[in-house]
Amino acid sequence: MVSLTGWTFILTRPRLRRDWVTTYIPSIDALMHLDMSESLDLCYASGSVDEVNIAFMKQTLNNDSVFIDVGANQGFYTLFVMKNFSGAHVVAIEPDPYSLSKLRKNLELNSLEHGNLKIVEKAAGVSESLVSLMINDAGNRAGSSVILDQRSYTGKLQNTTVEVKSLPLFEILLQNSIKRIDCMKLDIEGYEYPVLQMFFDQAPSDLWPNYVLIEALGHTIRNVGGSPINLLIKKGYELVDHESYNYIFSLPRV
Numbered sequence: 000m001v002s003l004t005g006w007t008f009i010l011t012r013p014r015l016r017r018d019w020v021t022t023y024i025p026s027i028d029a030l031m032h033l034d035m036s037e038s039l040d041l042c043y044a045s046g047s048v049d050e051v052n053i054a055f056m057k058q059t060l061n062n063d064s065v066f067i068d069v070g071a072n073q074g075f076y077t078l079f080v081m082k083n084f085s086g087a088h089v090v091a092i093e094p095d096p097y098s099l100s101k102l103r104k105n106l107e108l109n110s111l112e113h114g115n116l117k118i119v120e121k122a123a124g125v126s127e128s129l130v131s132l133m134i135n136d137a138g139n140r141a142g143s144s145v146i147l148d149q150r151s152y153t154g155k156l157q158n159t160t161v162e163v164k165s166l167p168l169f170e171i172l173l174q175n176s177i178k179r180i181d182c183m184k185l186d187i188e189g190y191e192y193p194v195l196q197m198f199f200d201q202a203p204s205d206l207w208p209n210y211v212l213i214e215a216l217g218h219t220i221r222n223v224g225g226s227p228i229n230l231l232i233k234k235g236y237e238l239v240d241h242e243s244y245n246y247i248f249s250l251p252r253v
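With the first letter of the sequence shown counted as 1, position 201 gets the number 200 in numbering that gives the first Met the number 0; the numbers rise by one all the way through.
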């Protein structure tokens, strides 16, 4: 989920020597340990990533908020919430071991390892199973997906895959004793629609998030059976704002 002001985000780039830096990201008021051979990390270093989403969260969240980060990656959103709303409760869901290692390092850098955070080392999915995460190892590890074939990005004859555990989102929330959701972010590289559809089928309406920040990739609709945008509107959500592939929805409560 990346939107940059004034220029287009390039999905892949030539592989460079792995070069790690630790830098302060003003937009989220946090330190991040960045791999400068990765496109997303270069974007974070630029300091202008997902500005519309972050501005919206600054206005709507508070110290009592419950935030669900589906596709947490290395923790950009998780870090923002925990650093700026000290009492907020966060569930960070991320299956990729590489991204999880960066997430934990970033939490350590900011001294944010405490009881208000739960890390779920699984993919949000449609069943309890093992699934193949197709890895983009051509400079865009954040683009790795269980649904998007990565060979067109990597130029390889075969996908590099990592087997990860998958669990429906509602089950993940039950296991972590989540009773309400103030805000949920979903960025799972084209698999948002199936995960959301099952969630809405299984979860009671009082558990539906007040706000949803979601990445929607139009070219995946045929592969997964529908659009997460249409699904959210069908369930009563209203579009608040959007930027590039990022959409913000609100659920009016009676």
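All residues carry an ideal CB built from backbone N, CA and C; glycine is no exception.
Beta-carbon contacts of residue i that lie in its chain and below 8 Å, excluding the five residues immediately before and after
i, result
"residue 175", "90, 117, 119"
"residue 19", "32, 33, 34, 35"
"residue 199", "207, 230, 234"
"residue 237", "248, 249, 250, 251"
"residue 153", "11, 135, 136, 137, 159"
Residue i, buried or exposed, once every other Cβ within 10 Å from all chains shown has been counted against 16
i, result
"residue 86", "exposed"
"residue 148", "exposed"
"residue 29", "buried"
"residue 249", "buried"
"residue 95", "buried"
"residue 227", "buried"
"residue 37", "buried"
"residue 111", "buried"
"residue 143", "buried"
"residue 101", "buried"
"residue 180", "buried"
"residue 23", "exposed"
"residue 61", "exposed"
"residue 203", "exposed"
"residue 78", "buried"
"residue 7", "Unreliable placement is indicated for residue 7, whose pLDDT of 41 sits below 50; the coordinate value is still reported in the next sentence. Exposed, because fewer than 16 other Cβ atoms sit within 10 Å of the Cβ of residue 7."
"residue 70", "buried"
"residue 88", "buried"
"residue 156", "exposed"
Coarse secondary structure for residue i, derived from DSSP in three states
i, result
"residue 184", "strand"
"residue 118", "strand"
"residue 145", "coil"
"residue 240", "strand"
"residue 23", "strand"
"residue 245", "strand"
"residue 38", "helix"
"residue 164", "strand"
"residue 235", "coil"
"residue 33", "strand"
"residue 124", "strand"
"residue 138", "coil"
"residue 176", "coil"
"residue 254", "Since the displayed the chain opens at 0 and closes at 253, residue 254 lies outside it and no answer follows."
6 Å CB neighbourhood of residue i in its chain, flanking five on each side removed
i, result
"residue 184", "68, 76, 212"
"residue 104", "32"
"residue 98", "72, 73"
"residue 285", "With the chain covering 0 to 253 only, the question about residue 285 has no answer from this structure."
Cβ neighbours of residue i in the same chain (closer than 7 Å, five flanking residues each side left out)
i, result
"residue 215", "191, 226, 227, 228, 244, 246"
"residue 162", "129, 131"
"residue 159", "134, 136"
Beta-carbon gap between residue i and residue j smaller than 9 Å
i, j, result
"residue 210", "residue 59", "yes"
"residue 55", "residue 240", "yes"
"residue 196", "residue 224", "yes"
"residue 165", "residue 123", "yes"
"residue 145", "residue 188", "yes"
"residue 170", "residue 127", "yes"
"residue 81", "residue 52", "no"
"residue 83", "residue 121", "no"
Host alpha helix (DSSP H) of residue i (start-end)
i, result
"residue 107", "96 to 108"
"residue 132", "Note, residue 132: premise wrong, no alpha helix (DSSP H); beta strand (DSSP E) at 128 to 134."
"residue 193", "191 to 201"
"residue 223", "220 to 223"
Closer than 9 Å to chain C by CB, residue i
i, result
"residue 222", "Absent from the structure is chain C; it holds one protein chain and no more."
Segment limits, beta strand (DSSP E) that includes residue i
i, result
"residue 48", "Here residue 48 belongs to no beta strand (DSSP E), and DSSP marks it neither H nor E."
"residue 66", "65 to 69"
"residue 156", "First-last for residue 156: undefined, no H or E at that position."
"residue 80", "That residue, residue 80, is in no beta strand (DSSP E); its alpha helix (DSSP H) goes 75 to 83."
"residue 214", "210 to 214"
"residue 257", "The first residue shown for the chain is 0 and the last is 253, placing residue 257 beyond what the model contains."
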